[in-house]
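Chains as they are written, first to last, in the working numbering: chain B, 1 to 111; chain C, 112 to 252.
Note that the Cβ used here is the ideal one computed from N, Cα and C, for glycine as well.
The model shown is predicted, which means the values in this text are computed figures rather than measured ones.
Following: one structure in structure tokens, then a few remarks.
Structure below.
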């Protein structure tokens, strides 16, 4: 899985490209955490537009990042979910704690 | 009734999670599944293989076997490992339960398998291994 980082209105935007499973999750969490620390950002937008497969490992990745940014009062938004990805998150009850937005712009406005 | 079957065996490396789910999806594709059905099968297989790697073998090396059968429009997938086994299968199947909280796992693996497939049977014996049997019937048009 490849990650692209950008910043929008002070939030770190992470665009993920590829498949998010147990194999790729470890590198994804390390790379995102390092970037959060390096830039000292509070809010995180996880862009799933390029994720064509995800299993329950993805739930752990999102909740783990949520816990990290919450320590400093930050928020996490998830955007551009394809239906199979959304189905896994729904099953995990993720939307009870993390908000989903249609796209990056909508997330930036609401964070 | 149409029947077909296949069997693969591979080492418990996390790189093989993607390999396993793609192979099973390719086998299932002869049933002309919808994109959603195929995605459900891939996700369930990914969960079962990940469990074998993380929990069965605890990241040490071992063999994982996958057997698939097609009978009519029903796909059966059996994922077997010869690892440490599960002491309490019913507890392991509870949503959000994880035996390895330090790994940032969600504890949703068996719940995904149960939800995305039509049936799930888990047989396990400590120190012998675990056998996960799942079936899914593909709708016909």
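For residue i, the nearest candidate out of the options (CA to CA)
i	options	result
residue 24/B	53/B, 110/B and 91/B	53/B
residue 227/C	235/C, 247/C and 242/C	247/C
residue 7/B	19/B, 34/B and 41/B	41/B
residue 50/B	108/B, 78/B and 90/B	78/B
residue 135/C	119/C, 125/C and 124/C	119/C
residue 170/C	126/C, 239/C and 245/C	126/C
residue 221/C	208/C, 214/C and 212/C	208/C
residue 241/C	211/C, 251/C, 190/C and 149/C	190/C
Neighbour list for residue i in chain C, Cβ cutoff strictly below 8 Å
i	result
residue 91/B	219, 222, 223 and 226
Per DSSP, cross-strand counterpart(s) of residue i
i	result
residue 240/C	236/C
residue 53/B	19/B
residue 115/C	181/C
residue 230/C	246/C
residue 77/B	45/B and 99/B
Contact with chain C by residue i, beta-carbon distance below 8 Å
i	result
residue 41/B	no
residue 69/B	no
residue 21/B	yes
residue 64/B	yes
residue 60/B	yes
Contact with chain B by residue i, beta-carbon distance below 8 Å
i	result
residue 203/C	no
residue 197/C	no
Residue i: contacting residues in chain B (beta-carbon distance under 8 Å)
i	result
residue 158/C	55 and 56
Interface residues of chain B facing residue i [CB-CB closer than 7 Å]
i	result
residue 150/C	84
heavy atom of the ligand GDP below 7 Å from residue i C-beta
i	result
residue 57/B	Only the bare structure without any ligand can be found here, which leaves the ligand GDP out of the picture.
Neighbour list for residue i in chain C, Cβ cutoff strictly below 7 Å
i	result
residue 88/B	154 and 223
| query | Per the contact definition of three or more C-beta pairs closer than 8 Å, is the region 15-30 of chain B in contact with the region 54-62 of chain B? | reply | yes
| task | Spell out a yes or no on whether the region 140-151 of chain C and the region 191-205 of chain C are touching, meaning 3 or more CB-CB pairs, one atom from each, closer than 8 Å. | result | no
| said: I'd like to know if the region 91-103 of chain B and the region 69-83 of chain B are in contact, where contact means that at least 3 CB-CB pairs between them fall below 8 Å. | reply: yes
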